[in-house]
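>
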Amino acid sequence: MNKHQLPDPPERRVRIHLGIVPKHNLSRTFSQDSSPGLDRQYKINLEKEQSSKTEQNTIEVYTDGSKSKTGTGSGIVCPELNMRISYPLGKNNSVFQAECVGITTAAIAMTNRKVMNNKIIINSDSQTVLRSLASSSTTSNLIYDCHNALETLAASNDITLRWVKGHDGNPGNEAADSLARQATTLKVVGPEPIVPIPFSEYKTWLHEQTQREHSQLWANAKDCKQTKIAFPNLNQQLTNKLLRLDRSKLRKVVGIITGHSSLNRHLSIIGVTDSPLCRACMEKNETPRHVMLECTGVTEQREISLGSPATFPEVLSNLGGMLGFWNELGWLE
Ligand SMILES: [Zn+2]
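Residue numbers (my numbering): 331 to 663.
#1: Determine the burial state of residue 535: buried for a count of at least 16 other Cβ atoms within 10 Å of its Cβ, exposed for fewer.
#2: Count the other CB atoms within 10 Å of the CB of residue 602; is the residue buried (16 or more) or exposed (fewer)?
#3: Can you give, in chain order, each stretch of the alpha helix (DSSP H) that sits fully within the region 497-550 and has at least 4 residues?
#4: Would DSSP call residue 656 helix, strand or coil?
#5: Check for me: the beta strand (DSSP E) holding residue 417 runs from which residue to which?
#6: Would you tell me roughly how many angstroms separate the C-alpha atoms of residue 519 and residue 402, rounded to the nearest one?
#7: With H, G and I counted as helix, E and B as strand and the rest as coil, what does DSSP make of residue 373?
#8: Out of 612, 540, 515, which one is the CA nearest neighbour of residue 627?
#9: For a quick check, are the C-beta atoms of residue 450 and residue 393 less than 9 Å apart?
#10: Who are the Cβ neighbours of residue 303 in its own chain at under 8 Å, not counting the five residues just before and after it?
#11: So, using beta-carbon positions, are residue 634 and residue 616 closer together than 9 Å?
#12: At the level of alpha carbons, what is the spacing between residue 472 and residue 424?
#13: Count the other CB atoms within 10 Å of the CB of residue 355; is the residue buried (16 or more) or exposed (fewer)?
#14: Within 9 Å (strictly less), CB to CB, does residue 431 reach chain D?
#15: Is residue 645 near ligand 1, in the sense that its beta carbon is under 8 Å from a heavy atom of that ligand?
#16: How would you write the range of the beta strand (DSSP E) that residue 432 sits in, first residue to last?
#17: Checking the sheet assignment: what are the DSSP bridge partners for residue 615?
#18: Does DSSP put residue 356 in a helix, a strand or coil?
#19: In angstroms, rounded to a whole number, what distance separates the CA positions of residue 389 and residue 377?
#20: Alpha carbon to alpha carbon, how far is residue 435 from residue 447?
#21: Just checking residue 624 against ligand 1 - is the residue's beta carbon closer than 8 Å to any of the ligand's heavy atoms?
#22: For residue 652 and residue 646, what's the separation of their Cα atoms in angstroms?
#23: Could you give the distance in angstroms between the alpha-carbon of residue 412 and the alpha-carbon of residue 439?
#24: Whose C-alpha, out of 614, 596, 607, 567, is nearest the C-alpha of residue 643?
#25: Restricting to Cα atoms, I'd like to know which of 558, 421, 444 is closest to residue 532.
#26: Just the C-alpha distance for residue 523 and residue 461, rounded to the nearest angstrom, thanks.
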């Protein structure tokens, strides 16, 4: 795991493990030059109640991050410096990354413009990013880069990072949000990803991809006819419920779903009984579906445990009632 140590406590040389190739003992050291007593050269203000009054000669910068179906992007706005930046990140990055890159980009842009000897307030609505920067260490390269960009700017300016509530009518925050949303639609310059894709995004993508392929395989499958009546589509919630059942209940439910149970239709197929007909009504084949949905011979038991279900999936949504119904009949014992 990458671990960058932010300068806390001061005047201590801290070994920073990049962690990319730990076997080779790849590590980096940086020295903490700030005055004793200061953790970092910039301040972070996370307070919820903040004065909206800004001192004169203060440069106010607003940054924001956004994610949409088309991409991720950062927005930076600063009226005093006539600065408006829409910075696209790419499709698979996270809002956290976009928020962080917004602050980094703002700091780098101001350093490049040689902004010096100013009091600068950088406003962000991302508590997570500000808290990460306020922490004494980080495992995120992005936060580490952001910290370094802020340190460079803070060498010749008085910097405060300030939390502002997002989507709260603050004009600066609204403007940065608008630029960030615009950035999500812009084409990334150069090959993606320009910022490494976070593991959480990989996980989400992999999960969605797997679900899609699984659904397609299931929809196109020609076998498992019985099970398909019970599970016309993938149902993760029901699967989780089934997996929590004890072995004996699960055996019964699987028998009901697949039709491979001790009911007459299945027993006649495997040659154990002569007739597939239902023992209660003697009219239709004795299948789980017939007994639970149609059979006129067990109407009373069905009403008590299941009500009047219309479909197999509806019965399965009431697992307790379904097991109670079969216990009452005693046909699966
Ligand atoms: Zn029947």
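The C-beta atom is built at its ideal place from N, Cα and C for all residues, glycine as well.
Answer, in terms of the structure:
#1: exposed
#2: exposed
#3: 501-513, 529-550
#4: helix
#5: 413-420
#6: 13 Å
#7: strand
#8: 612
#9: no
#10: This structure cannot settle anything about residue 303, because the visible part of the chain is limited to 331 through 663.
#11: no
#12: 12 Å
#13: With a pLDDT of only 32 at residue 355, under the threshold of 50, the placement of this residue in the model should not be trusted, and no figure is reported.
#14: Chain labels in this structure do not include chain D; a single protein chain is all it has.
#15: no
#16: From DSSP, residue 432 is part of no beta strand (DSSP E) but of the alpha helix (DSSP H) over 425-442.
#17: 607
#18: Per-residue confidence for residue 356 stands at a pLDDT of 30, beneath the threshold of 50, marking its modelled position as unreliable; the derived number appears in the next sentence. The answer is coil: DSSP assigns residue 356 none of H, G, I, E or B.
#19: 20 Å
#20: 19 Å
#21: yes
#22: 7 Å
#23: 12 Å
#24: 567
#25: 421
#26: 25 Å
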